[in-house]
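Protein chains in written order, with this note's numbering: chain F, 1 to 124; chain E, 1 to 263. C-beta: ideal position from N, C-alpha, C; glycine also.
Structure follows, in structure tokens:
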């Protein structure tokens, strides 16, 4: 399970470990982004930062071990290509990655629905 | 700090932390690409070359700290890295007997399949033959030594791949050594015994330690070679002088060649 994401504001408290509720979230985010199009490391970090409204962010450079792990698990594949004069490793989702994304999305929806129900009940 | 210094520091620290060389190359390459992307983003915002370089360095942070983070992430990304206590302390104890049994069965199967076929009565009688019995004892010893060596190599390889460091590699070797020195297997005609002995079996115990020593020496040599390679890289005008020091004989020949006009 991947747990290397930081939540803005509590970064200092999480230097060594991340809260357990974030287990699997980086994996979900990376797979979700790669399901749209192939991307390289910097792009993924930037997209996570901007698309989560700067709530979540990967430490610069720390995304690569995760991408290598996902590649070893055959959830993504990589290819070094030259685009606009720059050589970069581009990552794209594989069939196994797509299946894993579906599983994680279902799980995520189940958890968030449950938590929302509880929170709404407490507020009511 | 220029990008080359940044990547060299990162590379050196990753090697020191026991990151596999293949991973080091790939990580450094990708972090260097990331650094360049950060710099280009800063340049597109109108910053000067120096300011863009500095901002990229600040965003990536200290290369030594980044190396620690990368190694931590590498460890977390594998089962062996997350469960090193079970992986490198408990599993060797289970792996040695399993592999040992497999090798023994394989050796004996081959021995009897080739010599006596699969007739169990013939096999029973065969152990009375001193030559066959000698082969059996030999098969037992070979299976024992090979199983111990293979398990040790397997766990060292796993420790290396998961980036847990030399400490856990040595621990798994020590456990294999301890196990091998006190667990014995003996064979007599029509009898086989497996158990624990308080008399250490020095040959069996030495195998994992020798492997650990060989791996340590190999790794140390590789690190030294790596340090020499990336250590003092003199600036371009001094390169020739630097080469003089490193290759005195070749240089003397070259000087002689120049002085004599190539004759």
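Residue 116(F) counts as exposed, since fewer than 16 other C-beta atoms from the protein chains shown sit within 10 angstroms of its C-beta. Look at residue 78(F) here: in three-state DSSP terms it is strand. The alpha carbon of residue 167(E) has as its nearest neighbour, out of 88(E), 33(E), 67(E) and 29(E), the alpha carbon of 88(E). Collapsing the DSSP output to three states places residue 184(E) in a strand. Sixteen is the threshold: since fewer than 16 other Cβ atoms of the shown chains lie within 10 Å of the Cβ of residue 109(E), the residue is exposed.
A direct Cα-Cα distance of roughly 20 Å separates residue 91(E) from residue 194(E). Secondary structure note for residue 93(F): its beta strand (DSSP E) is the uninterrupted segment 86 to 93. When DSSP states are grouped into helix, strand and coil, residue 196(E) belongs to the strand group.
Contact check for residue 72(E) and residue 104(E): beta-carbon distance about 41 Å, past the 8 Å limit, so the pair fails to qualify. Shown in chain order are the members of the segment 6 to 40 of chain E whose Cβ falls below 9 Å from a Cβ of chain F: 10, 23, 26, 27, 29, 30, 31, 33, 34, 35, 36, 37, 38 and 40. If the five residues before and after residue 63(F) are omitted, its C-beta is found closer than 7 Å to the C-beta atoms of 41, 44 and 45, all from its own chain and listed in chain order. Membership of residue 160(E) in the alpha helix (DSSP H) is indicated by the continuous run 130 to 162. In this structure, residue 162(E) lies near residue 80(E), with their beta-carbon atoms less than 8 Å apart. When DSSP reads this structure, residue 83(F) sits in a beta bridge with 86(F). Residue 70(E) sits away from residue 9(E), with the two beta carbons spaced by 8 Å or more.
Judged by DSSP secondary structure, residue 54(E) falls within the alpha helix (DSSP H) whose first and last residues are 49 to 60.
Shortest Cα-Cα distance from residue 182(E) to any of 201(E), 34(E), 150(E) and 29(E) involves 201(E). Residue 39(F) has 91(F) as its beta-bridge partners, per DSSP. Distance from the Cα of residue 203(E) is smallest, within the candidate group 19(E), 222(E) and 178(E), for 178(E). With a cut-off of 8 Å on Cβ pairs, the segment 46 to 53 of chain E is not in contact with the segment 25 to 33 of chain E, counting fewer than three such pairs. Going by DSSP, residue 21(E) is part of the alpha helix (DSSP H) stretching over 21 to 44. Excluding the 5 residues flanking it on each side, residue 153(E) has same chain C-beta neighbours closer than 7 Å at 211, in chain order. Per DSSP, reduced to three states, the secondary structure at residue 33(F) is helical.
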